[in-house]
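In what follows, a single structure is set out as C-alpha cells and then discussed.
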Amino acid sequence: MRTAIREILNAEGLTVAGEAENGRKCLEFYYRNPVELVLLDITMPVMDGIETLKKLKRMDRNVRVVMCSAMGQDKYIIRSIQLGARDFIVKPFKPERIISAVRKAIG
115 MRTAIREILN AEGLTVAGEA ENGRKCLEFY YRNPVELVLL DITMPVMDGI
165 ETLKKLKRMD RNVRVVMCSA MGQDKYIIRS IQLGARDFIV KPFKPERIIS
215 AVRKAIG
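Per our numbering, residue 115 is the first one in the sequence shown, and the count goes up by one each step.
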C-alpha cells in the first residue's frame with residue numbers, strides 16, 4: 115500500500131518525505147522530521163494506527179493525520195476523527211480520494 119500511495123502522490127507533484135513499516139518507526143521518523151502530513155493505516159505491526167495517532171498528537175497537537183483502513187471498520191473511523199485525524203480513507207481506494215484527502219488536510 116505504501117508504494118501505491120507514494121506513486122499516486124508523486125504523480126501529483128507531492129513529496130513523500132519518508133515511510134515507516136510500523137507505528138513505532140512512524141513516531142521515530144516524525145520526532146526527527148516533523149512533516150506536514152502523516153498518512154496512517156489502522157492495521158500496522160508493533161503499534162496500530164489508533165495508538166500511533168494518540169502518541170503523535172501527544173508529541174505535536176498540531177500534527178495533521180489522514181487515516182486509512184479497510185471497509186467495515188466504522189468504529190475506527192469515528193475514533194480516529196475523535197482523536198484528531200483530518201480525514202479517513204477507506205480501502206480499496208481510488209487515487210482521486212487519496213489526493214483529495216491529502217490536499218484537504220494540508221490545505
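No residue lacks a Cβ here, since even glycine has one placed at the ideal position from N, Cα and C.
Given the structure is predicted, the values throughout are model-derived calculations rather than measurements.
Contact check, residue i vs residue j, beta carbons under 8 Å
| i | j | result |
| --- | --- | --- |
| Gly137 | Val160 | yes |
| Lys168 | Val177 | no |
| Ala215 | Ile203 | yes |
| Val130 | Arg146 | no |
| Thr157 | Cys140 | no |
| Arg211 | Val179 | no |
Backbone secondary structure at residue i - three-state DSSP
| i | result |
| --- | --- |
| Val152 | strand |
| Asp162 | coil |
| Val216 | helix |
| Asp174 | coil |
| Lys205 | strand |
Same chain only: Cβ atoms within 8 Å of residue i, ignoring 5 sequence neighbours per side
| i | result |
| --- | --- |
| Asp155 | Met115, Gly163, Met181, Cys182 and Ser183 |
| Lys205 | Met115, Cys182, Ser183, Ala184 and Met185 |
Straight-line Cα distance separating residue j from residue i
| i | j | result |
| --- | --- | --- |
| Ala125 | Ile192 | 30 Å |
| Asp188 | Met173 | 26 Å |
| Pro148 | Ser194 | 20 Å |
| Ala118 | Glu150 | 20 Å |
Neighbourhood of residue i by C-beta, 6 Å cutoff - its chain only, sequence neighbours within 5 removed
| i | result |
| --- | --- |
| Glu133 | Arg116 |
| Phe143 | Gly132 and Ala134 |
| Gly198 | Lys171 |
Beta-carbon contacts of residue i that lie in its chain and below 7 Å, excluding the five residues immediately before and after
| i | result |
| --- | --- |
| Tyr190 | Ile156, Ile164 and Ser183 |
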